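Here full-length UniProt numbering is used: the first residue of the sequence shown is 1, the next is one more, and so on.
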Amino acid sequence: MWFTFVLLHLLPQFALGARCPNRCFCDIRGSVICTGDITDVPPLDPITTFQLMLNVTNIKILKDRSFQPFSLLQRLMITNSPLDTIQPEAFHGAPQLRSIKLSSNALSVFPPKVFSEQRSLEQLQLDDNRITSISSDLFEAMVNLTELNLSKNRISRLDANVFQGLTKLNSLNLAENQLRNLPRTLFHNLLQLRNLVLSSNQLETLESGSFDHLSNLLMLMLYKNKIREIPPRLFWPLPSLSTLSISTNQLRYIPAESFYYLPNLMKLTIYKNPLTSLPYQLMGHMPRLKELYLYETNLSTVPWNLFANMTNLVTLNLHFNNKLTSLPKNLFCCLPKLTKLSLKYNNLQELDPELFSNLISLQGLMLNGNKLESLPSAIFRNTSSLEKLDLNNNHLRYLPGDVFLHAMALKDLSLSGNKWKCDCSIMDIAEWIRENPELISDLDKGVTCYEPSHLENHPLQTLSYEELHCGVFQTTFIATSAITTGAPTTTTMQTSTATTSTTATKAGNATTTATTFPTDASLLSPTPDHVYVKQSNGNDNGPAFYDTIVLDNGPEIVHNNHFNGWVYLWTVPSTGPYSGFMMALYIVLLVSGVVLIVVTLYALYRLHKMILLSGEVAMGENQRIVTRRLKE
């Protein structure tokens, strides 16, 4: 039973194999593939051949009526062969053909009427040949043609009427030819055209009205030409356009309002043009735009409203603009759905704190290859979705320790190749790196000190306060007799500011010798006679407290005590809008405290006397009572 079933299934294949020519493969579905040393169309069964593919053969000439015997043939492909000649009636007798592909051959010319019977043809691919010109009536009979591919040839000019009869054409590919100009009416009859590819030609100008009547066009590719200017309103007649590329041309300026009335545009590329400026009125309402590529230009800045009408933009590449030094504060104001932003390899030196404040969906941000020296602490305040941030190869010297505080989703951060200055100001970000090493993707490449020289190539995450001497208090003391413990001292002088507070500050292993409490005259002296700062190893056996007054970081009065490695500070402002009031209040409170103490002591003294007096009276009364009872 099974044997009979298999035999019945294979019989048609055996029959086809018996009739299939050498170097050909024939399958039961009517497809024939031939390759190798074939110089002519092979003899095939006309009843079972629906598709014929001749690939990598030695066919050089297609003779007249070569396909007349194959009345059922629908698709013909002759590719990668030395075919260079097609006789005038080669396709006569085969009007049923729907697809002809003659790609990657050596064809240079076509007889004018060679396709005159191909009224059913829907697809014609003549790409990758040596065609230099096309007669105006070559496609005259192809009223049902929907796809025409003439790319990768040597066509330098086209007659204005060459496509006039192709009213059903959907796709036209003229890429990689040598076209220098296009007749203004070349595409006017192509009312159903969806895709038009003109890339990689030698086009220098486009005439105004070239794309009129193409209201159904979805894709227009003009990249890799030599276009120096485009007429105003060139793209206005294209309301259905979804993809537009004018990249890699020689545009220095784009007329105002050029991209108005493109409500369905989803992808726009303008990169690799020597643009020096952009008009403020450039982009119209683009509610469907998802991708924008604007890079490798000569722009030094861009209009603040450039992206204001792109509320659904997802990807923005504004990079490799080596003259772009600044970005307007509100540039990204209206991009709530942007997920990827590339600003890499520009010439940016600083960023406004509010620049990214509206990018609530941002997931990837590339800032590498700029000249940023630092970042505002709040710059990532609203980027809670940010996962990847690239800051390598900048000029970063410092970063605020809380700069990544709000980037809660951060997973991949690059910081290498910067010019980190390793002093006390670097410690906040160094501690953050030490606590979050899993977030730094290039930690092994070296997030290291650039200066000072003795710390060059030192990893930031291993820096310590002691190593940078950040725990040593350098203070200016009032000159009086110094208290020392025998260790050598160094002198220094420093002024700054302080606030009214009571503070306990960890001093580590470093301690500070201080002068004894000075007189009021020396307290306010603006030029102290001596300054003492002592760095100790922590083994000194001096008193636990030194009562001192220190002018630390400015004209503030500081009471400074040391105890168990801690420094206790009590400060009172001596200058400022409320300094007089604060000083008077301080004195009043001090005097009030003393008065209260004196009054309390006096009250206690009086109470004590009254208790003693009461005791004496009570004892006298008791004595009298006892004496009276004894007498009775």
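All C-beta atoms in this analysis are idealised placements derived from N, C-alpha and C, irrespective of residue type, glycine included.
Since the structure is predicted, the reported quantities are computational estimates derived from the model, not experimental observations.
Using DSSP bridges, identify the partner residues of residue i.
| i | result |
| --- | --- |
| residue 149 | 125 and 173 |
| residue 459 | 448 |
| residue 243 | 219 and 267 |
| residue 317 | 293 and 342 |
| residue 259 | 283 |
| residue 195 | 171 and 219 |
| residue 440 | 413 |
| residue 86 | 62 |
| residue 229 | 205 |
| residue 420 | 449 |
Answer yes or no: does any C-beta atom of chain D fall closer than 7 Å to that of residue i?
| i | result |
| --- | --- |
| residue 611 | The chain inventory of the structure shown lacks chain D, comprising one protein chain alone. |
Use the C-beta contact count for residue i: other C-beta atoms within 10 angstroms, 16 or more gives buried, fewer gives exposed.
| i | result |
| --- | --- |
| residue 296 | buried |
| residue 215 | exposed |
| residue 4 | Summary for residue 4: the model assigns pLDDT 40, below 50, so the residue's position carries little reliability, and this model does not support an answer. |
| residue 41 | buried |
| residue 67 | buried |
| residue 615 | exposed |
| residue 197 | buried |
| residue 422 | buried |
| residue 454 | exposed |
| residue 271 | buried |
| residue 175 | buried |
| residue 265 | buried |
| residue 625 | exposed |
| residue 633 | Residue 633 is absent from the structure shown; the chain starts at 1 and stops at 632. |
| residue 419 | exposed |
| residue 647 | A question about residue 647 goes unanswered here, because the residues of the chain that appear run from 1 up to 632. |
| residue 609 | exposed |
| residue 580 | exposed |
| residue 20 | buried |
| residue 444 | exposed |
| residue 481 | Legend: pLDDT at residue 481 = 41, less than 50; position of this residue unreliable, value from coordinates given subsequently. Its Cβ having fewer than 16 others within 10 Å, residue 481 is exposed. |
How many whole angstroms separate the CB atoms of residue i and residue j, which I take to be in contact at a CB cut-off of 8 Å?
| i | j | result |
| --- | --- | --- |
| residue 278 | residue 306 | 7 Å |
| residue 319 | residue 345 | 6 Å |
| residue 402 | residue 377 | 6 Å |
| residue 300 | residue 317 | With a Cβ gap of about 18 Å, residue 300 and residue 317 do not count as contacting. |
| residue 120 | residue 95 | 6 Å |
| residue 323 | residue 347 | 6 Å |
| residue 34 | residue 54 | 5 Å |
| residue 240 | residue 218 | 6 Å |
| residue 463 | residue 427 | 7 Å |
| residue 156 | residue 180 | 7 Å |
| residue 108 | residue 131 | 6 Å |
| residue 206 | residue 169 | No, residue 206 and residue 169 are not in contact; Cβ-Cβ is about 20 Å, not under 8 Å. |
With respect to the beta strand (DSSP E) encompassing residue i, which residues constitute its N-terminal and C-terminal limits?
| i | result |
| --- | --- |
| residue 678 | A query on residue 678 cannot be resolved here, the shown segment of the chain reaching from 1 to 632 and no further. |
| residue 33 | 31 to 34 |
| residue 388 | 388 to 390 |
| residue 393 | Run containing residue 393: none; DSSP gives neither H nor E here. |
| residue 366 | 364 to 366 |
| residue 51 | 51 to 55 |
| residue 414 | 412 to 414 |
| residue 100 | 99 to 101 |
| residue 26 | 24 to 26 |
The alpha helix (DSSP H) spanning residue i covers which residue range?
| i | result |
| --- | --- |
| residue 427 | 427 to 435 |
If you pair each beta-carbon of the region 201 to 217 with each one of the region 254 to 261, do three or more pairs fall below 8 Å? With contact defined as three or more Cβ pairs closer than 8 Å, the region 201 to 217 and the region 254 to 261 are not in contact.
Does the region 322 to 341 come into contact with the region 356 to 365, if we say contact requires no fewer than three beta-carbon pairs (one atom in each stretch) closer than 8 Å? A contact exists between the region 322 to 341 and the region 356 to 365.
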